[in-house]
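In full-length UniProt numbering, each residue carries its 1-based index in the sequence shown increased by 243.
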Amino acid sequence: DKGTYPHYMLKEIDEQPAVMRKIIQAYQDENDQLTIDSSILDALESADRLYIIAAGTSYHAGLIGKEYLEKMAGIPVEVHVASEFGYNMPLLSEKPLFIFISQSGETADSRQVLVRIKELGHSSLTVTNVAGSTLSREADHTLLLYAGPEIAVASTKAYTAQLAVLAILASVTAERRGREIGFDLIQEMGIVANAIQAQVDMKEELEKLAADFLSTTRNCFFIGRLMDYFVGLEGALKLKEISYIQAEGFAGGELKHGTIALIEEGTPVIALATQESVNLNIRGNVKEVAARGAHTCIISMEGLNEEGDSHVLPKVHELLTPIVSVIPLQLISYYAALHRDCDVDKPRNLAKSVTVE
Ligand code: M6R
């Protein structure tokens, strides 16, 4: 039931602060420490490489999950699009562990990979929102997202839930391996929940950004570096899926290798600037496209912001920035779709879960 909300998507965007708190609670033990089932920790411990398999938004969550698992837990990770992996398996390590990320747990492309790797005798973990789903039943282990039912075709709260659960998995694994992550994840997730709340409370400002940048455009580019690049990919998917604007995400440094040829007078370019080590570089990329006529919008983070930025996010731990920076992109997509009279919750040609290959 969407209650007083005009669309499920908006309701699900608004639920994200509560989902973050729910996840922290669900993964806390009686001593308020983050905990993960020991059989899952054993599976990670005995793996020499993790293979994340997913599609769409869940694939984008996997790209960030790799950062978490490598940086915090120190385990090498590969991330693959399920539909490609199924037909072109790379050389596998000796002791791989497969992690399937899927909101629905029913995505056929991912299931096909699960069936194949089980035949090969490899172990598997499914990260899903749906207990009892096919991918959950058929994998060796499951981690639940606790995001509550996601009805809108455009995935929002499942993505942030996936990031939160992957961060918890990475930090608990790190602890088990005696690695210091250098911050208190429970505390930082509380700050993240508040920062998300601040975003969902700024709907008017974000609606205005959507109106300024996207009400009549045919296309839109998202640029970022490091994790901002991955969030840009997700922002672009969200926008194209529900507003039908042709949108693409690019790594800021790649622009000059081709994409910049597409920039014309008025082309919207939305840049994310939340990563300190590349803040100057991404701002340089924004100048390059602005000089060619792009209509630029910078979404930055407190501490890294400069005068003239279109939107500034509250400061959160750098590794957790994607969980916050995606929120304005979700809202901008929502309002762009609304302004263009699109069917927000049920975009054309799409199904909520893709159970065919
Ligand atoms: O249920 P899953 O997470 O496996 O679904 C994967 C994709 O089909 C899904 O994320 C899709 O890209 C969404 N509609 C994106 O908003």
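Glycine residues also receive a C-beta, built at the ideal position from the N, C-alpha and C atoms. As the structure is a computational prediction, the values presented were derived from the model and not from experiment.
Asked	Found
In terms of DSSP beta bridges, what is H384 paired with?	L368
For S596 and T502, what's the separation of their Cα atoms in angstroms?	32 angstroms
Excluding the 5 residues preceding and the 5 following A390 in the sequence, name in chain order all residues of the same chain whose CB lies nearer than 7 angstroms to its CB.	V262, N372, K400, A401 and A404
For Q518, name the three-state secondary structure that DSSP assigns.	coil
Going by alpha carbons, who is nearest to E508 out of T416, H500 and G536?	G536
Pair every Cβ in the stretch 557-575 with every Cβ in the stretch 465-484, then say whether three or more of these pairs are closer than 8 angstroms.	yes
On the DSSP letters alone, give me the boundaries of the alpha helix (DSSP H) that Q573 sits inside.	T564 to H582
Using CA coordinates, which residue listed in I429, R359 and N528 is at the minimum distance from I296?	R359
Does A297 come out as helix, strand or coil in the three-state DSSP assignment?	strand
So, residue 674 versus S301, is the Cβ gap smaller than 8 angstroms?	One cannot answer for residue 674 here, as it falls past the ends of the chain, which runs 244 to 600.
Measuring CA to CA, which of E531, E550, D383 and A410 is closest to G495?	E531
Write down the C-beta distance between I575 and L480 rounded to the nearest angstrom, noting that I regard them as a contact closer than 8 angstroms.	About 13 angstroms; that fails the 8 angstroms criterion.
Just how far apart, CA to CA, sit I266 and A504?	44 angstroms
If you compare alpha carbons, which of N522, H250, K309 and L482 is closest to G546?	N522
Give the straight-line distance between the Cα atoms of E550 and K254, rounded to the nearest whole angstrom.	32 angstroms
Looking at the structure shown, is T350 part of a helix, part of a strand, or coil, going by DSSP?	coil
Quick one: grab the DSSP three-state call for A490.	strand
Check whether the Cβ of S353 lies closer than 7 angstroms to any heavy atom of the ligand M6R, and answer yes or no.	yes
Count the other CB atoms within 10 Å of the CB of Y578; is the residue buried (16 or more) or exposed (fewer)?	buried
Determine whether the beta carbon atoms of G273 and R292 lie at a separation below 8 angstroms.	Residue identity differs from the one stated: residue 273 is Glu in this sequence, not Gly. No, they are not a contact pair.
Are there any heavy atoms of the ligand M6R lying less than 7 angstroms away from the beta-carbon of E484, as far as the coordinates show?	yes
Could you check the C-alpha separation between H384 and V415 for me, to the nearest Å?	16 angstroms
Helix, strand or coil for V587 per DSSP?	coil
Can you tell which of I485, K483 and Q442 has its C-alpha closest to the C-alpha of V559?	Q442
In the DSSP assignment, what are the bridge partners of F464?	E491 and V512
Measuring only from the beta carbon, is G246 closer than 7 angstroms to any heavy atom that is part of the ligand M6R?	no
Rounding to the nearest angstrom, what Cα-Cα distance links T460 and Y487 in this structure?	10 angstroms
What residues in its chain sit with their C-beta under 6 angstroms from that of L340, if we drop five residues either side in the sequence?	A286, A290, L293 and S366
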